[in-house]
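In the numbering used here, the protein residues as written are 1227 to 1558.
First the structure, in the form of structure tokens, and then the observations on it.
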Ligand SMILES: N[C@@H](CCC(=O)N[C@@H](CS)C(=O)NCC(=O)O)C(=O)O
């Protein structure tokens, strides 16, 4: 993938830093400031900006599961009128993430056409990957945070006094259980599909695909007894799993060769997926057409870039999850 090197956009396979012996290793993100109610430091002492309506903007693509997490919590927390959104084309081209029209990003920068412009505005000497999602400060014209795991936690609490929304997707008492699941779900499922799809050796592909399906089997068994990942309440652990499950049959099964089984072949996982998909505000964040266009345009895994017509999915058919005890989302 192209990337920035000392603030200059360079095309070609410059992000080879993410490949080692034919296996894919995701680079860590670089912008980790926080937003809090009054600008006091974040939970781990991060420097923070104050929550304000209209000040912050999300730059995303519908292809991306990490970006989808942030869109999903934005809707579930009722932040649509507080945080604006810019949506890039789903195809990641030679110029990186691209916006069809220049995007208003506040008074400090002119209309944004390319995601890399956000990075160089924040650090003129930035070297590294240019990714979505980005949480952007329109007032100062710089990136606040480009790590989805942080952004979902910021959205969970920072704007509550402005939105009046008290839903808590990371409740104190469930944190150990959430973290217990987040780690293997990230490694084997969220990132596991990428390790399978981007592998350049048979061995690294098979290692990734094997651990992915072992984990899906484990989740299938867990969700046969438990309504949600951390028990009776829906939490961020479910948001983090959902964004990969919704891409599974339409993208990862074909484009990333994750094809030992389809998600549809797992009764509990597929019913769980449909329950969440059918909640108000969720389907708008999971655009199957754009997801397919995005993944099947990655030239090194699909040189013809032909987007398959299928699979025919009916995500609106009823689910059976009401048989398990479910208590919605914890309220503060
Ligand atoms: N750890 C980041 C990962 C973000 C990420 O890797 N996004 C991908 C899209 S799914 C991207 O923008 N890739 C650009 C590239 O590889 O050049 C997060 O969770 O926010």
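Positions of the beta carbon are idealized from the N, C-alpha and C atoms, including for glycine.
{"Query": "According to DSSP, simplified to helix, strand and coil, what is residue 1371?", "Result": "strand"}
{"Query": "Would you kindly work out how many angstroms separate the C-alpha atoms of residue 1375 and residue 1291, rounded to a whole number?", "Result": "11 Å"}
{"Query": "Apart from the five residues on each side of it in sequence, which residues of its chain come closer than 6 Å, Cβ to Cβ, to residue 1276?", "Result": "1264 and 1265"}
{"Query": "In three-state DSSP terms, what is residue 1400?", "Result": "helix"}
{"Query": "Run the proximity test for residue 1303: is its beta-carbon closer than 6 Å to any non-hydrogen atom belonging to ligand 1?", "Result": "no"}
{"Query": "Starting from residue 1420 and walking both ways along the alpha helix (DSSP H), at which residues does that stretch end?", "Result": "1418-1424"}
{"Query": "Is it true that the CB of residue 1505 sits closer than 7 Å to the CB of residue 1463?", "Result": "no"}
{"Query": "Could you tell me the alpha carbon to alpha carbon distance between residue 1541 and residue 1485, rounded to whole angstroms?", "Result": "20 Å"}
{"Query": "Could you give the distance in angstroms between the alpha-carbon of residue 1310 and the alpha-carbon of residue 1283?", "Result": "5 Å"}
{"Query": "Would you say residue 1378 and residue 1299 are within 7 Å of each other, going by their C-beta atoms?", "Result": "yes"}
{"Query": "DSSP state of residue 1335, grouped into three classes?", "Result": "coil"}
{"Query": "Is any non-hydrogen atom of ligand 1 found closer than 6 Å to the C-beta of residue 1234, if you look at the structure I gave you?", "Result": "no"}
{"Query": "Please report the distance separating the alpha-carbon of residue 1400 from that of residue 1459.", "Result": "9 Å"}
{"Query": "Let me check you understand the geometry: is the CB of residue 1290 closer than 6 Å to at least one non-hydrogen atom of ligand 1?", "Result": "yes"}
{"Query": "Residue range of the beta strand (DSSP E) that residue 1502 falls in?", "Result": "Unbroken run through residue 1502 is the alpha helix (DSSP H), 1493-1503; no beta strand (DSSP E)."}
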